[in-house]
Amino acid sequence: MATPVQTAASMTGRVPMQDREFPKEAFDYDAEVTKEAIDQIKEKAATTINSEEWEIIDGFR
Amino acid sequence: MTVPSWVAQQPSAFDIVACYFPEKDVTDGGEIFKLRPALVLKVLKGKNTGSIACEVAYGTKNLKFVQRKNRDVIIQNAADLTIIGLAMATRFDLDNTLILPWSEKFFGCWTGYQHPKIGQLTEKYVKDYAYTMMLRQGIND
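Chains as they are written, first to last, in our numbering: chain A, 1 to 61; chain B, 62 to 202.
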């Protein structure tokens, strides 16, 4: 029976970050989160959000 | 346009998801929407249609640790980043949260992913978030 290969992950119980592959999108954003940008997205979402009454089904109230 | 199958799988509170956010296009100076991590704070259901929406806090690479350590959720420990599923140290800005419909217009999948969910906040950070909100409540009262 083959001996299991001891990797850093199996020895430490976690996978080192450099071993994990992330897609380009994981790094490719830079803009600051500003009130102006948030307002722009809010405006896009307004039609849907304002046309409903919402209840919280998950998360802190 | 076909609705992606992930729309039927709603997120949970404290999931990290990929959300569209406006960025300056370096090629022509215009504006494009790019995916970035966002923290789901609440999941909401429409009382009439049953549709799903989420309150999210967008992530930024600009940590501003000293100024924002008790105001935002900041994840910078390498082991925590790996567990949570983030590629880089990230601060989730709790000053600028908003409610978004759970749809392909506002959420998207990273290349190779089948769902906008990137990962999930660990219990430690959920507690940190609760503590931060308590501090914020105290400051705002």
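Built from N, CA and C at the ideal position, the CB exists for glycine as well.
Within-8 Å CB hit, residue 43 of chain A to chain B:
It does not; no Cβ of chain B falls within 8 Å.
From residue 111 of chain B to residue 152 of chain B, what does the alpha carbon distance come to, in whole angstroms?
Each residue's alpha carbon lies about 31 Å from the other.
Would you identify the three-state DSSP class for residue 82 of chain B, choosing helix, strand or coil?
For residue 82 of chain B, the secondary structure class from DSSP, reduced to helix, strand or coil, is strand.
Do the stretch 119–127 of chain B and the stretch 27–39 of chain A meet, that is, are 3 or more Cβ pairs less than 8 Å apart?
They touch, by the three-pair rule.
Using 8 Å as the limit for Cβ to Cβ distance, is residue 64 of chain B near chain A?
For residue 64 of chain B, the answer is no, since every Cβ of chain A falls outside 8 Å of its Cβ.
Can you find the residues in the same chain that come closer than 7 Å, C-beta to C-beta, to residue 189 of chain B, ignoring five residues on each side of it along the sequence?
The residues 134, in chain order, have a CB closer than 7 Å to that of residue 189 of chain B in the same chain once the five nearest residues on each side in sequence are set aside.
Can you list, in chain order, the residues of its chain whose CB lies under 7 Å from that of residue 137 of chain B, leaving out five sequence neighbours each side?
Cβ within range, chain order: 124 and 150.
Reducing DSSP to helix, strand and coil, say where residue 99 of chain B ends up.
Assigned with DSSP and collapsed to three states, residue 99 of chain B falls in strand.
Give every residue of the same chain whose Cβ lies closer than 8 Å to the Cβ of residue 40 of chain A, excluding the five residues on either side of it in the sequence, and list them in chain order.
Non-local C-beta neighbours of residue 40 of chain A in its own chain, meaning closer than 8 Å and more than five positions away in sequence, are absent.
If you reduce the DSSP assignment to three classes, tell me which class residue 114 of chain B lands in.
Correct three-state label for residue 114 of chain B: strand.
For residue 162 of chain B, list the residues DSSP reports as bridge partners.
According to DSSP, which records beta bridges pairwise, residue 162 of chain B is partnered with B:114.
Under a Cβ-count criterion, where at least 16 other Cβ atoms within 10 Å of its own Cβ denotes burial, should residue 81 of chain B be classed as buried or exposed?
With a threshold of 16 other beta carbon atoms within 10 Å, residue 81 of chain B meets it and is buried.
Per-residue DSSP class, three states only, for residue 129 of chain B:
Helix, per DSSP.
Quick check: the stretch 171–184 of chain B against the stretch 82–95 of chain B, are there 3 or more CB pairs under 8 Å?
Contact annotation: the stretch 171–184 of chain B does not touch the stretch 82–95 of chain B, with fewer than three C-beta pairs closer than 8 Å.
Using the rule of at least 16 other Cβ atoms within 10 Å of the residue's Cβ for burial, across every protein chain shown, is residue 46 of chain A buried or exposed?
Answer is exposed; the Cβ neighbour count stays below 16.
What residues from chain A crowd round residue 104 of chain B, counting only those whose CB sits closer than 8 Å?
Within chain A, the residues near residue 104 of chain B are 56, 57, 58 and 59.
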